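Written below as structure tokens is the structure these notes are about.
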Amino acid sequence: MSKAFLVLDDGRTFEGQSWGATGRAFGEAVFQTGMTGYQETLTDPSYHQQIVVMTAPHIGNTGMNTEDNESSKIWVAGFVVRNPSPITSNWRSEKSLVDVMIEQELVGISGVDTRALTRHLRDRGAMRVGIFSALDLTREEMVIEVRKSKQMSGSFLSEDVSTVKPYIVRATGEKRFTVVALDLGIKSATPRAMSQRGIETHVLPFNATYDEIMALNPDGVFLSNGPGDPSTMTETVSLVRELLSEEVPIFGICFGHQILGRALGFETYKLQFGHRGINQPVIDKRTGKVEITSHNHGFAIEAPVDTQFATVFGPGQVTHICLNDGVVEGLELLERGAFSVQYHPEAAAGPHDASYLFDNFIAMMLKYPRKVGVA
Amino acid sequence: MPRDTSIKSVLVIGSGPIVIGQACEFDYSGTQACRVLRAEGIRVILVNSNPATIMTDPEFADATYIEPITPEFIERIIAKERPDAILATLGGQTALNAAIGLYTAGTLERYGVKLIGADVDAIERGENREIFRTIVEKIGGESARSVICHTMDEILEGVKILGYPVVVRPSFTMGGLGSGIAFDEAALHQIAGAGLRHSPTSEVLLEESIIGWKEYELEVMRDSTDNVVIVCSIENIDPMGVHTGDSITVAPALTLTDVEYQRLRDLSISIIREVGVATGGCNIQFAVNPENGRIIVIEMNPRVSRSSALASKATGFPIAKIATKLAIGYTLDEIENDITKVTPASFEPTLDYVVVKAPRFAFEKFSDADPRLTTTMKSVGEAMAIGRSFPEALMKALRSLERKEAIFTFPTEVSEQRISSLMTQIGTPTEYRLQQVQQVLWAGISIEEVFSKSKIDRWFLTQIQLINDAAREIAQPGELTTEVLRTAKQWGFSDAQIATLRNVTEDDVRKTRAHLGVRPVYKTVDTCAAEFEAFTPYYYSSYEEETEVKPRSKPAVIILGSGPNRIGQGIEFDYSCVHASFTLREAGYETIMINCNPETVSTDYDTSDRLYFEPLTLEDVLEIVHAESQAGPVLGVITQLGGQTPLGLAAGLKNAGVTILGTSPEAINLAEERGAFGDVLASVGLTAPEFGMASSQMQAVEIAKKIGYPVLVRPSFVLGGRGMEIVYDDDALSSFISRATDITPDHPVLVDRFLDSAIEIDVDALYDGTELFLGGVMEHIEEAGIHSGDSACVLPAMTISAPQLQAIREATLKIAEGVGVRGLINIQFALAADRLYVLEANPRASRTVPFVSKATGVPLAKAAARISVGESIVQLREDGTLPATGDGIAKGISVKEAVLPWNRFRRSDGRGVDAVLGPEMRSTGEVMGISSTFGASYAKSQISAFGSLPKSGSVFISLADKDKESGVLAATALSTLGFRLFATAGTADFLDARGVKTARVRKASEGIGPYGEKTIVDLLNGGEINLVINTPVGRGTRADGWAIRTAAIQRSIPCITTTAGFNAAVEGIKVLQSGDLGVRPIQEWLKDV
């Protein structure tokens, strides 16, 4: 196995072995603390342009299968692990992880002290990194290359990850609702969760217009997760404001939650190292119940957590906060059908504690029905 | 929700003696519970019969009852203390069964006391298999197809539906007691018959076999507002068919995708809700078919379990502590995570390392026991190791077991014959199956072949293959470079393994490594994979880039723990280590604990200032000493408290330049080496029984002739009497030597004169170089010849005169002085014909230290630790650690009784192993009975250890010829007390001649008589005998005695095998008949002057 290097923006370098495809890869280094679910992570569009450090030491044990893909390809820009598995052992496995990495040209590095790296990112914040393998570069040259790469702050990435053409995910069983999902980087688990509840989901590209949406006469609109800096999403934010004015029920998750927040007039900010894991405790302030949830976000909304707030669409409140650090994790309007969470009710990977939110979405669509014929 | 303020006092029920399946993990959990409750200002009342526990230290509860854990005794405690609530979910199955007993007897209702944690309904739903199946079905899970049976007929009907092999599980037993896998009808009769007897409800479950499936456990916690978290997932490397306590296990689960893991998580949450465990922890076991992923829910424990302790240590999430907080009303989000300080307990720990647990067995102690691993737990202890990869953790776990057979080896050649024999062996799980697997993989057998035989997941097999590959690389000729060494270390190879592969010495490897700077770093167990800063220094080693050991300024004392529990070295030693840590912390030192036993209090992250969860080998300890010396001043290492494990490391540490605190390695050697110790005795005018050292069989026989039979034979350097036997003639001597020793001049065998019918005495004392403090003089109830660890003993000594006591004190002082002890010393004496013999001296904490401390109220281990760091007995008297004047004085009369694991073992033919005491230690634990009379204390000890002695009914007596005379008085007394006596011909004739009436009964070997007269075994099986007195001639020589004893053990009939025990039992029965056995907390006893 040939040597590979992981080089950080601040000059720190880790040596390891080349794994998967060789060459170079750049992105924002983020750590993921889930002990299961590397396949879902790799195929989650929200990780576009990020180099993911897995804190779990053994990765690849269960191989890759078609069922568990969250999209049609790997989005992660580079993959950093301690111990890659030389074999796969699982009855559903179709290919080994390393084969898929090579096929999809994902540059990886193994044998890294991932705990030291994670501690570094925790203390210094998420930063640009590069993985270099099978290359004859000095350390200085590698650092320079990293510093030339793109920053995550200010990145507009929806275009890269969104579907080009609309598609439909049919309801399982009887169709009860029509929902338009704006694809900002949607995971396949989301339409699946809606489908199971009798929702027909029309997945539209990120730049779908208000008219295109309303032409489908939806019972509600879903704002998906996705990569990038929410402050770059001015057009989508205006679109959401239009939908809110027309009282279209809206449910947003992750990136979609940040967009709803901005549409309500809040600012977003970048977290030091973000939340990426499947063990994050979130409390529902309304019930006091704690959910263990799947997170993947580097930005968050700045909103008052102790009081209700006023918006041009009526009063609202923060519904959920993360118990680890008090970050806003959920919002709702009190007199109009709109709510959002910063985390992933569709899980995949992660616990199913928050799947009730899809039921809440349905309840909201029932409470705020769209007037037929109004488009 | 804040805590329930209506709860002002709580009765905590402990788990009693250490037995297989229920070990010191419940001291760990119970101690945490007591601490939490007291910190909340709640009055804590505790009942536990086990004196060797930290939880029964007087300062951990307001009222500590060292009393039997039975509903009757607990009712007395409740009547006296009137607690508001009972916490029974932290004391294992014993506590849970006691709680159900209290409920059934109406005690809870009568006294208006509620169960917190899990109520009776939840316990019932979790443990009753029929109800549990319904629950699993209701929540959409699947159980193995099964049939509940209450009689043998039902069992035979049931198997017609399920087919063989079939799994048998008795209800309401712990550690899988009585369960097993039957491959045919004969086996079914044996296993299911015993199961019906062991189950308190005479209920067994027959189940479709899922042998070979993958096995998982999830540790779940729930609070009163229905928040649920999964603390840890555990995967068994040994697939279904081996009890999880006997399996090598790994955390987290490594071979499931997220989809599959989340399915197990969803099922677990639904189950805990449906069962209705109101608050606290439980564990749920699953089997997963490796071919298609079909999931079967196996069982749940609605309480904190052995796995919970493991999960706590594996993740840093203190399940017992949190369970206690939840039980008094807090919710998960209100409880702080101790480790990160900023995050709450309502989260799921995530691991950035791998944990491997390996069981430790004691089959060598039960040579006729069936070595196959089944669904009945047989291991006596476990070691846990942490690494940054599975191979690293596995290799560390295996060396933590302290058995050379456990460590992977890489022989240059494995013969065809050996391969084929190993290939047969790996089909049947036994103690060393994984090592056999490693050997065949090393020999080139394919993973597929090994998988098809063993069903061990291919992923684990591949990892072992990688270890083998690494061994090949290491063995390549050439220089030991940084790269070779670093790679070897990352795969978990010890210096010793590398040395063997390179044909150099371990020391060479260590020196090269130090020279090249290849040293481990230490990472933190932090519950969160470094997402948040950790404030708890709980470390493990790994060969990586960055160490997390923080600098410190106070002088540090490193305490070596005792490693995995084994027979002869268990919780008693952990007790002493924990005490040392507590007292040295108070005295201003920084304490650093090294241990690898996940069941213990010593490996709780807040027992010491720093915890290193590492193997107790010279290499691993030296590296920690090095790392800590870099971090700040290190005063030295304490090796005298953790038993033989640390003691064995003392010399090596000293040679490497490490300061040994307390008794020096030279002094240790002086006491352990027979010749040198003989010189010490001779120089101070003390006598040892005559002995000789033989380096050949012939020489042994000569020595025995010279000193006269009977003689005690054993190999030199042993703990727990391993490989000892008393022999009465040349033949037996020769047979023992060829069977149990590998006698050579390097491995001599000791032949000692055996003092027949001597009184044995155990002394624990402290010596600081000038003054002796005599902690306690214990008199054994059994005569010399029974291992001290298996013998019941009483404190104060009952039959020893004042001059004799004075002689014992003087002898103790002389020995302590002569050996050069600084700290604790334990000496065994024998009194025969008014002559005092010194049997042996151990310059370390002994098994009896906790017992003596409880009986006298003097914290001997604390005092020893302080002497180790240079304090004197005078100073310790001044600060109140030791009494102001005089020696330790027993408060009341305390009896310690050993608890033996006979019912756990069977021979390969399915019959029981012989239940005879001897010079080899076999007990797993101990209990204490305290009262103001010997009879009452003894009765309590028997109730705690074995259930109760009968108050009336029938007693079977069979005495060996040498014991007949001394048994007459006791037999007469029993008759007077109204018992009906049964005896076989010899004993009956003898007793008749002395005027004691007995009914004659046939021996098993005589068979049923011509008129249908039953044999004793028939009577026992028919439940017609309530007590058995059977003293054996010698081990294995009398099939009749064996048949009687095993039948008694299997029906849980008390069985006494010595005349001294017989006499004591009569005293106990008298007290039981006279009525009330009072209860009194230890705090009150200790106030007595």
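Listed in order, the protein sequences are those of chains A and B. In terms of our numbering, the first sequence opens at residue 289 and continues consecutively. In terms of our numbering, the second sequence opens at residue 643 and continues consecutively. Ideal Cβ placement from N, Cα and C applies to all residues, glycine included. Just so it is clear, the structure is predicted and the values come from calculations on it, not from any experiment.
Put simply, the backbone Cα of residue 1030 (chain B) is about 17 Å away from that of residue 1000 (chain B).
From the beta-carbon of residue 903 (chain B), the residues of chain A found nearer than 7 Å are 324. Between residue 1472 (chain B) and residue 1402 (chain B), the alpha-carbon positions lie close to 4 Å from each other.
Where residue 1164 (chain B) is concerned, there is no enclosing alpha helix (DSSP H), although the beta strand (DSSP E) around it starts and stops at 1163 to 1166. In the DSSP assignment, residue 1435 (chain B) is bridged to B:1422 and B:1538.
For residue 1165 (chain B), the residues of chain A that pass the 8 Å Cβ criterion are 403, in the order they occur in the chain. Residue 1101 (chain B): member of the alpha helix (DSSP H) spanning 1100 to 1117, first to last residue. Along the length of the region 300 to 349 of chain A, whole beta strand (DSSP E) runs at least 3 residues long occupy 301 to 308, 311 to 320 and 338 to 342, reported in chain order. In chain order, 899, 900 and 901 make up the part of chain B whose C-beta sits under 8 Å from the C-beta of residue 356 (chain A). Secondary structure note for residue 1580 (chain B): its alpha helix (DSSP H) is the uninterrupted segment 1576 to 1588. Around residue 571 (chain A), the beta-carbon contacts reaching into chain B at under 7 Å are 975. Beta-bridge analysis with DSSP links residue 421 (chain A) to A:292 and A:311.
Note that the C-beta distance between residue 855 (chain B) and residue 881 (chain B) is below 8 Å. Contact annotation: in the region 862 to 884 of chain B, residues whose CB is within less than 9 Å of a CB in chain A are 865, 867, 868, 869, 870, 871, 872 and 875. With contacts defined by Cβ atoms closer than 8 Å, residue 1016 (chain B) and residue 822 (chain B) form a contacting pair. Under the 8 Å criterion on CB atoms, residue 918 (chain B) is classed as non-interfacial with respect to chain A. CA-CA distance, residue 734 (chain B) to residue 1578 (chain B), rounds to 27 Å.
Judged by their CB atoms, residue 1532 (chain B) and residue 1483 (chain B) are not nearer to each other than the 8 Å cut-off. Relative to the Cα of residue 499 (chain A), the nearest Cα in the group A:292, A:630 and A:536 belongs to A:536. Listed in chain order, the positions of the region 365 to 377 of chain A with a beta carbon within less than 9 Å of a beta carbon of chain B are 370, 371, 373, 374, 375, 376 and 377. Secondary-structure assignment with DSSP links residue 1184 (chain B) through a beta bridge to B:1163. In this structure, residue 1407 (chain B) sits away from residue 1396 (chain B), with a CB-CB distance that is not shorter than 8 Å. Secondary structure note for residue 1137 (chain B): it is in no beta strand (DSSP E), and the uninterrupted alpha helix (DSSP H) holding it is 1137 to 1144.
Counting only runs that start and end inside the region 651 to 693 of chain B, the beta strand (DSSP E) elements of at least 3 residues fall at 651 to 655 and 685 to 689. The DSSP-derived three-state label of residue 1271 (chain B) is helix. In this structure, the alpha-carbon of residue 1188 (chain B) lies about 35 Å from that of residue 857 (chain B).
The Cβ neighbour count for residue 875 (chain B), taken over all protein chains shown within 10 Å, is at least 16; the residue is labelled buried. Close to chain A, meaning a Cβ-Cβ distance shorter than 7 Å, are the following residues of the region 1015 to 1031 of chain B: 1030 and 1031. Assignment of residue 1367 (chain B) by DSSP, reduced to helix, strand and coil, places it in the strand class.
Around the beta carbon of residue 870 (chain B), 16 or more other beta carbons sit within 10 angstroms, so the residue counts as buried.
Under a criterion of Cβ atoms nearer than 7 Å, the residues of chain A adjacent to residue 988 (chain B) are, in order, 569, 578 and 611. Flagged as an interface residue toward chain A: residue 993 (chain B), by a C-beta distance shorter than 8 Å. The three-state secondary structure of residue 1238 (chain B), taken from DSSP, is coil. Chain-ordered listing is empty here: chain B has no CB closer than 8 Å to the CB of residue 480 (chain A), the nearest sitting near 12 Å. When beta bridges are read from the DSSP output, residue 371 (chain A) appears opposite A:346.
By alpha-carbon distance to residue 887 (chain B), the top candidate from B:661, B:670 and B:1707 is B:661.
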